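Enquirer: Before I ask anything, let me first share the structure, which is written out below as structure tokens.
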Amino acid sequence: MPNVQADPAEHPLSAGEPALLPQIVITGTRTERLLEDVPVRTQVIDRATLERRQARDLADALRLLPGVYLRTIHGKQGQEIWMQGLDGDRVLILIDGIPAIASTGSTVDLTQIMVADVERIEVVRGATSALYGSSAMGGVINVITRRPEATAYRLQAEVGAYDRRGDGDVPHGAHLLGRWSRGGEYVSAEFTGDWRRNDGFSLQPERFAQDVHGIEHLNLSSRLDWNLAPRSRFSLRPTWMQEDKTQRVSVSLPGGAEGRRVKEETVRQPGLVLDLNRATDDRSDWRMTASWSRFENQTSERSVAGDPLTRRDAEIVSRRIEGQWNHEWNRRHWLTLGALARDERLDQTKDNWVGGVVVGSDEIEPGARHRNQEVFAQDNIFFGEKSEILAGLRYQHDSDFGGFLAPSLNLKRQVDSGGGRLNLRAGVGRGYRVPNLKERYFEFDQSSLGYRVAGNPDLQPESSVSVQIGAEWLPLNSRAPRWDVNLFHNDIRDLITTEFNTDLTEQEGLQVFDYRNLARARTWGVETGLAWQISRDLRWDLGYTWLQAEDQDTGRTLPLRPAHQVKTELIHQRGRLQLSAGAEYQSSEFIDSANTDKSPAWTRVNLRGAWRHGPVTWLAGVDNVFDQVPAAGDAADFSPKPGRYVYLGLRLDGPFGSQ
Numbered sequence: 005m006p007n008v009q010a011d012p013a014e015h016p017l018s019a020g021e022p023a024l025l026p027q028i029v030i031t032g033t034r035t036e037r038l039l040e041d042v043p044v045r046t047q048v049i050d051r052a053t054l055e056r057r058q059a060r061d062l063a064d065a066l067r068l069l070p071g072v073y074l075r076t077i078h079g080k081q082g083q084e085i086w087m088q089g090l091d092g093d094r095v096l097i098l099i100d101g102i103p104a105i106a107s108t109g110s111t112v113d114l115t116q117i118m119v120a121d122v123e124r125i126e127v128v129r130g131a132t133s134a135l136y137g138s139s140a141m142g143g144v145i146n147v148i149t150r151r152p153e154a155t156a157y158r159l160q161a162e163v164g165a166y167d168r169r170g171d172g173d174v175p176h177g178a179h180l181l182g183r184w185s186r187g188g189e190y191v192s193a194e195f196t197g198d199w200r201r202n203d204g205f206s207l208q209p210e211r212f213a214q215d216v217h218g219i220e221h222l223n224l225s226s227r228l229d230w231n232l233a234p235r236s237r238f239s240l241r242p243t244w245m246q247e248d249k250t251q252r253v254s255v256s257l258p259g260g261a262e263g264r265r266v267k268e269e270t271v272r273q274p275g276l277v278l279d280l281n282r283a284t285d286d287r288s289d290w291r292m293t294a295s296w297s298r299f300e301n302q303t304s305e306r307s308v309a310g311d312p313l314t315r316r317d318a319e320i321v322s323r324r325i326e327g328q329w330n331h332e333w334n335r336r337h338w339l340t341l342g343a344l345a346r347d348e349r350l351d352q353t354k355d356n357w358v359g360g361v362v363v364g365s366d367e368i369e370p371g372a373r374h375r376n377q378e379v380f381a382q383d384n385i386f387f388g389e390k391s392e393i394l395a396g397l398r399y400q401h402d403s404d405f406g407g408f409l410a411p412s413l414n415l416k417r418q419v420d421s422g423g424g425r426l427n428l429r430a431g432v433g434r435g436y437r438v439p440n441l442k443e444r445y446f447e448f449d450q451s452s453l454g455y456r457v458a459g460n461p462d463l464q465p466e467s468s469v470s471v472q473i474g475a476e477w478l479p480l481n482s483r484a485p486r487w488d489v490n491l492f493h494n495d496i497r498d499l500i501t502t503e504f505n506t507d508l509t510e511q512e513g514l515q516v517f518d519y520r521n522l523a524r525a526r527t528w529g530v531e532t533g534l535a536w537q538i539s540r541d542l543r544w545d546l547g548y549t550w551l552q553a554e555d556q557d558t559g560r561t562l563p564l565r566p567a568h569q570v571k572t573e574l575i576h577q578r579g580r581l582q583l584s585a586g587a588e589y590q591s592s593e594f595i596d597s598a599n600t601d602k603s604p605a606w607t608r609v610n611l612r613g614a615w616r617h618g619p620v621t622w623l624a625g626v627d628n629v630f631d632q633v634p635a636a637g638d639a640a641d642f643s644p645k646p647g648r649y650v651y652l653g654l655r656l657d658g659p660f661g662s663q
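This is the structure:
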């Protein structure tokens, strides 16, 4: 087994080339490996990158990662991630290896996950169900929080404003952050608080309705680590998240009149993680993790005068326990064995006010639960120091769908030359996803608006076969360009889609949609990346993705899958000053399954700047420099809505007492 060592992280504004430092990753193999040695292609966003981009949440952090597509969650206005043509329901979001709760019972809202306490973010593409189970058909995003090692503090404040489209008085947005940590030989601790506010955004300020909601968001997290023995560590990590949204909306009333309403949403989410790690000797270690989380969500609509119209309450309670054992055997095998049990419960009710009378109903069948037990095994086989095979197998037993096997196989070959190293990787894996409780039991009744969405308890699990083939060039000369290319192909069966139900529509006299196992689909394409340290002070990153996605039943292009995407960032760093410019381009895309309507191509440019003087760092940035927004009144324009946003900030870093 190779020795895993990496240089310590440096200050993000210090001179040098932090992107070229060795990095340790864990997601691709579930064991610690050097990034350049890992057999599964893994991309990393490190702490220096997060701070350079001045990311406020996980969506901000992932925005410039090639091959990542951020989209508005239908009906929520949060953001979800798509990768390799697979949507947010099929990309697994982990926080320290534990699945994040989906804000809709289906999709994780990236804007609800703060990055103030994050050490790095690891991204693995393609089906990884053998490693992480259901919902990992499109890949895994693993958010790794930092360990409290130093005795220090950070305070940060930002204010910003839109142009004339911003709602309310200037400033339209604010961000406060505080973090305190204390390291120790036996006990260490960290506490982080992150508060954000935004008043919202309107493409047509003269209209009553808002295009982007106003929001107030609070994240609190703490971590307490005990070194129980030289080889043992116990961690306690409680968290709290709350969110309050308000949005003015307009609805069409009989006779063509405009109905004005205010939509409000609240989220409360406490969570707790217990983690015990122990290395029994130099060749074996094990880990036990237990987690609990409760997600409470209330959405309501009221008239402008304050009269209640509707209210929806949802609660998701999740409990999980997992164990993993790693053992180096005969110096050529690194074995991993593990098991987990998970229980999830979802309740959702709706109240309607009709003539002053409250009429209540269950939108999710009462007592809807989902339980599963899983076991997994993996063998990392080394053939000398330049070749290895990673073989994995996971068995899941689901309370409603029985058993499922997900195998995977990855190969890596290292080819050395006088100028550097070429890493060749290939992998194939089977992915699967069981229908979630929302898809099976949800009854979303919007009869007053002319439609209803019905769950389907007869849904079957989705499955896929994913193939990834790639190459990566790592030059010895740190000023020479580094590049990587990855070809992918995903073949999906029993894809769960939302379909228009003609029979029920005729019976009920309103549009009825339901969930069905209808589609066979495939996605394929190429992901490329280039990183070039042009000089000591200047670096250029570039990524291009070509994507094709086909509904194999109809031969048409799957909607919301653009063929071309370009992401680039230019970084200048000299002494105390750091400047960067990031840009995204996305080609046009079909927005309907019939391939009749298209959303136009779009480009966005963001600027970031930071200047450090001692413990003080001044921050500045502009989002959407050229103020590109969707065309007013064009329902087919799905380009990002927020316009130009300018902000200034101040950050104070320092030690807390003696170190």
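Heads up: the sequence shown runs through residues 5 to 663, numbered per the working numbering. Positions of the beta carbon are idealized from the N, C-alpha and C atoms, including for glycine. Owing to the predicted nature of the structure, the values given are computational and were not obtained by experimental measurement.
In chain order, which continuous runs of the alpha helix (DSSP H) of length 4 or greater are located wholly inside the region 492-580?
Expert: 506-512, all fully within the region 492-580.
Enquirer: Please state whether the Cβ-Cβ distance between Gly435 and Ser133 is less than 7 angstroms.
Expert: Translated into the one-based positions of the sequence shown, residue 435 becomes position 431. Translated into the one-based positions of the sequence shown, residue 133 becomes position 129. It is a contact, given that the beta carbons lie within the stated cut-off.
Enquirer: When the Cα of Ala430 is compared with those of Glu392, Ser139, Ala458 and Gly459, which residue comes out closest?
Expert: Here residue 430 is taken as the residue at index 426 of the sequence shown, counted from 1. Closest by alpha carbon: Glu392.
Enquirer: Measuring only the C-alpha atoms, how far is Phe642 from Ser603?
Expert: Here residue 642 corresponds to residue number 638 of the sequence shown, with the count starting at 1. Here residue 603 corresponds to residue number 599 of the sequence shown, with the count starting at 1. Going from the Cα of Phe642 to the Cα of Ser603 covers about 6 angstroms.
Enquirer: Tell me the rounded alpha-carbon separation between Gly653 and Gln27.
Expert: Counted from its first residue, the sequence shown places residue 653 at position 649. Counted from its first residue, the sequence shown places residue 27 at position 23. Their backbone Cα atoms lie some 30 angstroms apart in a straight line.
Enquirer: Could you check what DSSP says for Gln377 in three-state terms: helix, strand or coil?
Expert: Stepping through the sequence shown from its first residue, residue 377 is reached at position 373. Reduced to three states, the DSSP call for Gln377 is strand.
Enquirer: Identify the continuous alpha helix (DSSP H) that holds Thr53 and give its terminal residues.
Expert: Locating residue 53 in the sequence shown gives position 49, where the first residue counts as 1. Unbroken alpha helix (DSSP H) run through Thr53: Arg51 to Arg56.
Enquirer: Quick one: any contact between the region 230-249 and the region 257-265, if contact means 3 or more CB pairs under 8 angstroms?
Expert: Flag = no, the region 230-249 and the region 257-265 do not touch.
Enquirer: Where Leu181 and Gly101 are concerned, what is the direct C-alpha to C-alpha distance, given to the nearest angstrom?
Expert: What you label residue 181 is simply residue 177 of the sequence shown in a count that begins at 1. What you label residue 101 is simply residue 97 of the sequence shown in a count that begins at 1. Those two C-alpha atoms are separated by around 25 angstroms.
Enquirer: Less than 7 angstroms separating the beta-carbons of Trp230 and Pro274?
Expert: Residue numbering aside, residue 230 sits at position 226 when the sequence shown is read from its first letter. Residue numbering aside, residue 274 sits at position 270 when the sequence shown is read from its first letter. No. Outside cutoff.
Enquirer: Since Gly613 and Leu583 are thought to touch, with beta carbons under 8 angstroms apart, how far apart are those beta carbons, to the nearest angstrom?
Expert: In the sequence shown, residue 613 corresponds to position 609, counting from 1. In the sequence shown, residue 583 corresponds to position 579, counting from 1. Confirmed, about 5 angstroms.
Enquirer: Candidates Ser139, Pro485 and Thr509: which alpha carbon is nearest Pro465's?
Expert: Numbered from its first residue, the sequence shown carries residue 465 at position 461. Minimum Cα distance to Pro465 is reached at Ser139.
Enquirer: List the endpoints of the continuous alpha helix (DSSP H) containing Asp64.
Expert: By 1-based counting over the sequence shown, the position of residue 64 is 60. Here the alpha helix (DSSP H) through Asp64 covers Leu62 to Leu66.
Enquirer: By DSSP, does Ala134 sit in helix, in strand, or in coil?
Expert: For this step, residue 134 is matched to residue 130 along the sequence shown. Note: Ala134 maps to helix in three-state DSSP.
Enquirer: Which word fits Lys390, buried or exposed, when buried means at least 16 other C-beta atoms lie within 10 angstroms of its C-beta?
Expert: Mapped onto the sequence shown, residue 390 falls at position 386. So Lys390 ends up on the exposed side.
Enquirer: Are Asp557 and Arg520 touching if we call contact CB-CB under 7 angstroms?
Expert: As a working mapping, residue 557 is identified with position 553 in the sequence shown. As a working mapping, residue 520 is identified with position 516 in the sequence shown. In this structure, Arg520 does not lie closer than 7 angstroms to Asp557 by Cβ.
Enquirer: Anyone know if the C-beta pair for Leu397 and Ala381 falls short of 7 angstroms?
Expert: Within the sequence shown, numbered from 1, the residue matching residue 397 stands at position 393. Within the sequence shown, numbered from 1, the residue matching residue 381 stands at position 377. In contact: Leu397 and Ala381 (Cβ atoms closer than 7 angstroms).
Enquirer: Between the Cα of Arg56 and the Cα atoms of Leu228, Val127, Pro634 and Gln577, which residue gives the shortest distance?
Expert: On the sequence shown, residue 56 is found 52 positions in, with the first residue counted as 1. Nearest option by C-alpha distance: Gln577.
Enquirer: How many angstroms separate the CA atom of His217 from the CA atom of Gln81?
Expert: In the sequence shown, the residue the question calls residue 217 occupies position 213. In the sequence shown, the residue the question calls residue 81 occupies position 77. Rounded to the nearest angstrom, the two C-alpha atoms are 8 angstroms apart.
Enquirer: Please list, in chain order, all residues of the same chain as Thr31 whose beta carbon is under 7 angstroms from its beta carbon, the five residues on each side excluded.
Expert: The residue given as residue 31 occupies position 27 in the sequence shown. Cβ within range, chain order: Thr46, Glu126, Val128, Val144 and Asn146.
Enquirer: Does the Cβ-Cβ distance between Glu300 and Arg323 come in under 7 angstroms?
Expert: As a first step, residue 300 is located in the sequence shown; it is residue number 296 there, counting from the start. As a first step, residue 323 is located in the sequence shown; it is residue number 319 there, counting from the start. The answer is no: Cβ separation not under 7 angstroms.
Enquirer: Would you grab the beta carbon distance between Leu415 and Pro43 for me? Rounded to a whole angstrom, and I think it's under 8 angstroms.
Expert: What you label residue 415 is simply residue 411 of the sequence shown in a count that begins at 1. What you label residue 43 is simply residue 39 of the sequence shown in a count that begins at 1. Indeed they touch by this definition, with Cβ atoms about 7 angstroms apart.
Enquirer: Name the DSSP bridge partner or partners of Asn384?
Expert: For the purposes of this step, residue 384 is taken as residue 380 along the sequence shown, with counting starting at 1. Trp338 and Leu394, per the DSSP bridge assignment.
Enquirer: From Arg336 to Trp487, what does the alpha carbon distance come to, in whole angstroms?
Expert: Residue numbering aside, residue 336 sits at position 332 when the sequence shown is read from its first letter. Residue numbering aside, residue 487 sits at position 483 when the sequence shown is read from its first letter. Going by the C-alpha atoms only, they are around 29 angstroms apart.
Enquirer: Can you have a look at Ala65 and say buried or exposed, based on whether 16 or more other CB atoms are within 10 angstroms of its CB?
Expert: Walking along the sequence shown from the start, residue 65 turns up at place 61. Ala65 should be labelled buried.
Enquirer: Roughly how many angstroms separate the alpha carbons of Gln9 and Arg287, rounded to a whole number?
Expert: Working through the sequence shown from its first residue, we reach residue 9 at position 5. Working through the sequence shown from its first residue, we reach residue 287 at position 283. Low confidence applies here, because Gln9 scores a pLDDT of 43, under 50, leaving its location unreliable; read the following figure in that light. So the alpha carbons of these two residues sit roughly 16 angstroms apart.
Enquirer: Closer than 7 angstroms by C-beta to Ala345: which residues in its own chain qualify, once you throw out the five before and the five after it? Chain order, please.
Expert: On the sequence shown, residue 345 is found 341 positions in, with the first residue counted as 1. For Ala345, where only same-chain residues beyond five positions count, the Cβ hits under 7 angstroms are Ile325 and Gln377.
Enquirer: Measuring only the C-alpha atoms, how far is Leu491 from Lys442?
Expert: Locating residue 491 in the sequence shown gives position 487, where the first residue counts as 1. Locating residue 442 in the sequence shown gives position 438, where the first residue counts as 1. Leu491 and Lys442: Cα-Cα distance of roughly 33 angstroms.
Enquirer: Does DSSP put Glu593 in a helix, a strand or coil?
Expert: What you label residue 593 is simply residue 589 of the sequence shown in a count that begins at 1. In the structure shown, Glu593 sits in a strand (DSSP, three-state: E or B).
Enquirer: Residues in the same chain with beta-carbon distance under 7 angstroms from Val650, minus the five sequence neighbours each way, listed in chain order, please.
Expert: Within the sequence shown, residue 650 is the residue found at index 646, counting from 1. Closer than 7 angstroms at Cβ, skipping near neighbours: Gly164, Ala165 and Val626.
Enquirer: Can you tell me which of Glu189, Arg456, Tyr157 and Gln251 puts its alpha carbon nearest to the alpha carbon of Gln511?
Expert: Here residue 511 refers to the residue found at position 507 when the sequence shown is read from its first residue. Ranking the options by Cα distance to Gln511, first place goes to Arg456.
Enquirer: Would you list the residues sitting across from Lys267 in a DSSP beta bridge?
Expert: Here residue 267 refers to the residue found at position 263 of the sequence shown. Bridge partners of Lys267: Gln251 and Glu305.
Enquirer: Should Ala104 go down as buried or exposed, given a rule of 16 or more other Cβ atoms within 10 Å for buried?
Expert: As a working mapping, residue 104 is identified with position 100 in the sequence shown. When all chains shown are included, Ala104 counts as buried.
Enquirer: With H, G and I counted as helix, E and B as strand and the rest as coil, what does DSSP make of Glu36?
Expert: Mapped onto the sequence shown, residue 36 falls at position 32. Here Glu36 sits in coil by DSSP.
Enquirer: How far does the alpha helix (DSSP H) with Tyr445 in it reach, from first residue to last?
Expert: By one-based count along the sequence shown, residue 445 stands at place 441. Run containing Tyr445: Leu441 to Tyr445, per the alpha helix (DSSP H) assignment.
Enquirer: Provide the residue span of the beta strand (DSSP E) that contains Lys416, from first to last.
Expert: Residue mapping note: residue 416 aligns to position 412 of the sequence shown, counting from 1. Gly406 to Ser421 is the extent of the beta strand (DSSP E) around Lys416.
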